[in-house]
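Residue numbers (this note's numbering): 3 to 618.
In structure tokens form, the structure reads like this:
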């Protein structure tokens with residue numbers, strides 16, 4: 003019999019090569035379709051045993067690519083989760099993103115619209131793109147991880163306690179070495195009264211051995227004050243570092259406002275113990291008018307200012323130490339100045355200083371904040387003018403302020419006639435518009451001293467000079483009547499009177515008593531003069547709002563006495579002088595007095611009283 007061929011044998015020896023090809027195909031997660039290059043050795047002569055593996059590899063590569071497209075590349079997923087875990091350790095909450103892609107071959111992981119919530123500081127960080135270079139295959143160890151972000155928006159709240167808590171948490175976490183940069187960033191610090199937004203072209207980051215450092219060169223600083231934004235151009239650098247639970251901020255910035263002026267923000271806030279711990283804003287010059295006009299409607303403030311504002315930390319609080327000088331100050335408030343520009347408050351020069359404390363509870367506390375005015379117009383009403391110096395120091399938590407003040411009236415004028423009728427404004431109701439300015443505050447309680455060196459009295463029919471010292475209290479709260487009390491005396495020096503045909507000398511004083519309204523101040527004095535040959539001797543008494551004259555040595559009836567005063571020397575007057583006398587009598591005592599030619603006829607309608615005595 004012819005020999006029969008042997009039966010076919012199963013080529014089980016190819017199975018390991020097929021499995022190897024499928025496993026090598028899994029390398030497509032790292033290399034993509036380039037993993038098929040591993041099949042090239044199967045094309046060599048004599049490599050027949052590798053051909054099963056190569057066929058399996060060529061078939062499995064597109065299959066693995068389809069699986070990766072449908073369920074995700076597991077290598078990318080692992081790398082993505084590792085990056086998100088590190089970002090969560092920084093922010094405190096799990097980041098979110100719109101899209102993520104990765105290339106294990108280049109080691110690049112890319113996020114789009116990445117957003118992180120910052121719960122400790124009630125803020126967030128958002129980036130349009132965020133790329134991480136984590137190394138080949140995302141698993142090879144690298145000396146450092148590199149990242150690059152674009153169009154970042156970072157916003158935090160001025161919560162000092164939250165900042166410290168965030169810094170402490172970061173200090174307790176071990177981060178791998180990281181280097182990176184953000185291209186185009188907006189960093190906003192939001193506060194209850196003041197907020198700041200930095201526009202930064204590039205921010206550089208580095209983290210090694212538990213120290214995180216950031217360096218930036220801002221282009222603009224937008225400061226929001228009372229709801230209005232002031233844009234400042236910036237030159238220089240900002241440096242921020244965290245070391246464990248310590249946070250350090252170093253600034254070397256020059257700020258420029260196109261309309262307002264220039265300033266330098268330089269110094270250190272936080273940092274190692276024993277290092278300088280303050281940021282100082284040195285204002286070279288600032289124009290107050292353009293800056294004030296951006297956020298005020300009812301008033302305006304003009305002048306030039308320069309000086310320092312120092313920012314420091316005290317536990318959970320932020321401290322602002324001020325030391326500013328100003329020149330040619332002018333303040334105008336439409337209602338307080340009664341729509342009259344000439345009533346504006348002006349000062350040639352002065353200083354503002356003291357300390358403000360912004361607490362964690364958002365309370366704003368004044369600590370010995372002072373205002374000094376050198377030669378300012380303390381009263382600007384045409385009927386009452388005064389020029390002098392002012393010092394005021396206030397403390398308390400806004401809006402409840404308490405203070406002490408000192409006022410020196412160097413010179414002034416009273417220009418309101420003393421009207422004996424019940425019509426028109428009388429001298430007792432005159433008050434400096436400093437009171438109107440103080441009433442603009444929501445609340446103020448203050449004690450003060452006043453030194454009156456000289457106030458010229460031009461109050462027809464009286465002339466003279468008021469001098470003296472006063473003390474007092476001022477209490478004001480919005481919606482309640484202002485309580486002003488004075489104590490002390492103002493004496494009248496070089497006093498003269500000239501009324502109708504009578505003239506002579508006046509001596510006396512105004513006596514202010516505590517717990518009594520100023521209009522009720524007591525007046526005491528003496529009048530000595532003549533009406534022609536008729537002697538006039540009188541005691542001045544009563545209150546400032548209701549004065550009285552007690553005439554002595556009167557030897558005729560009151561109506562005859564009054565007529566004698568009006569007609570004394572009348573025969574020697576010109577027609578114009580007679581007309582002026584009549585106008586004075588009508589203006590001060592009323593039409594009835596002019597008609598009867600008797601100034602005492604004012605009694606039924608006036609705020610003055612007269613007595614007549616025959617003896618001394």
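By construction, the Cβ of each residue, glycine as well, lies at the ideal position given by its N, Cα and C atoms.
Remember, it's a predicted structure, so these values are computed and weren't measured experimentally.
Using CA coordinates, which residue listed in the options is at the minimum distance from residue i?
| i | options | result |
| --- | --- | --- |
| residue 481 | 250, 442, 403 | 442 |
| residue 188 | 205, 181, 591, 241 | 205 |
| residue 418 | 351, 457, 540 | 457 |
| residue 386 | 436, 402, 399, 111 | 436 |
| residue 542 | 507, 225, 559 | 507 |
| residue 680 | 365, 345, 370 | Only positions 3 to 618 of the chain appear in the structure, and residue 680 is not among them; the question remains open. |
| residue 80 | 453, 136, 193 | 136 |
| residue 78 | 94, 104, 65, 99 | 104 |
| residue 348 | 361, 380, 366 | 380 |
| residue 611 | 171, 591, 439 | 591 |
| residue 134 | 343, 108, 117 | 108 |
| residue 92 | 115, 495, 170 | 170 |
| residue 310 | 100, 547, 323 | 323 |
| residue 231 | 283, 295, 334, 240 | 295 |
| residue 553 | 547, 200, 339, 614 | 614 |
| residue 495 | 486, 512, 156 | 512 |
| residue 283 | 243, 99, 325, 319 | 325 |
| residue 596 | 178, 334, 561 | 561 |
| residue 106 | 89, 95, 90, 75 | 75 |
| residue 201 | 186, 193, 213, 208 | 186 |
Could you give the residue range of the alpha helix (DSSP H) that holds residue i?
| i | result |
| --- | --- |
| residue 587 | 577 to 591 |
| residue 295 | 290 to 295 |
| residue 78 | 76 to 93 |
| residue 560 | 560 to 569 |
| residue 440 | 436 to 440 |
Under 8 angstroms by Cβ, that's how I've got residue i and residue j pegged, so tell me the actual separation to the nearest angstrom.
| i | j | result |
| --- | --- | --- |
| residue 390 | residue 410 | 5 angstroms |
| residue 526 | residue 503 | The Cβ separation is near 26 angstroms, so there is no contact. |
| residue 451 | residue 412 | Actually they are not in contact, since the Cβ atoms of residue 451 and residue 412 sit about 15 angstroms apart, beyond 8 angstroms. |
| residue 537 | residue 515 | Residue 537 to residue 515, Cβ: 33 angstroms. No contact. |
| residue 470 | residue 493 | 5 angstroms |
| residue 564 | residue 601 | 5 angstroms |
| residue 267 | residue 281 | 6 angstroms |
| residue 198 | residue 225 | 5 angstroms |
| residue 259 | residue 300 | Contact flag wrong, Cβ pair sits at about 23 angstroms. |
| residue 569 | residue 580 | Wrong, their Cβ atoms sit about 10 angstroms apart, outside the cutoff. |
| residue 566 | residue 545 | About 28 angstroms; that fails the 8 angstroms criterion. |
| residue 148 | residue 182 | 6 angstroms |
| residue 376 | residue 405 | The pair is not a contact, with the Cβ atoms about 19 angstroms apart (cut-off 8 angstroms). |
| residue 473 | residue 490 | 6 angstroms |
| residue 82 | residue 102 | 6 angstroms |
| residue 255 | residue 238 | 4 angstroms |
| residue 505 | residue 466 | That belief does not hold up - the Cβ atoms of residue 505 and residue 466 are roughly 13 angstroms apart, past 8 angstroms. |
| residue 388 | residue 434 | 6 angstroms |
Taking the CB atoms as reference points, tell me whether residue i and residue j lie closer together than 8 angstroms.
| i | j | result |
| --- | --- | --- |
| residue 203 | residue 221 | yes |
| residue 394 | residue 372 | yes |
| residue 158 | residue 120 | yes |
| residue 122 | residue 152 | no |
| residue 332 | residue 305 | yes |
| residue 97 | residue 111 | no |
| residue 400 | residue 366 | yes |
| residue 476 | residue 440 | yes |
| residue 257 | residue 234 | yes |
| residue 286 | residue 265 | yes |
| residue 423 | residue 547 | no |
| residue 114 | residue 128 | no |
| residue 488 | residue 459 | no |
| residue 334 | residue 307 | no |
| residue 344 | residue 312 | no |
Quick check on the DSSP output: the beta strand (DSSP E) that includes residue i runs from which residue to which?
| i | result |
| --- | --- |
| residue 374 | 366 to 383 |
| residue 605 | It is not in any beta strand (DSSP E) - residue 605 carries neither H nor E in the DSSP assignment. |
| residue 328 | 319 to 335 |
| residue 98 | Residue 98 -> no beta strand (DSSP E), and no H or E assigned at all. |
| residue 184 | 180 to 192 |
| residue 348 | 347 to 360 |
| residue 129 | 125 to 135 |
| residue 343 | No beta strand (DSSP E) contains residue 343, which DSSP labels as neither H nor E. |
| residue 445 | 445 to 461 |
| residue 113 | 110 to 120 |
| residue 472 | 464 to 479 |
| residue 394 | 386 to 399 |
Checking contacts by CB at 8 angstroms: is residue i closer than that to chain D?
| i | result |
| --- | --- |
| residue 451 | Protein chains in the displayed structure number just one, and chain D is not present. |
- Item | In chain order, each beta strand (DSSP E) run of at least 3 residues that lies wholly inside the stretch 486 to 564 | The DSSP assignment places 504 to 514, 524 to 533, 536 to 545, 548 to 554 as complete runs of the beta strand (DSSP E) inside the stretch 486 to 564, in order along the chain (cut-off: 3 residues).
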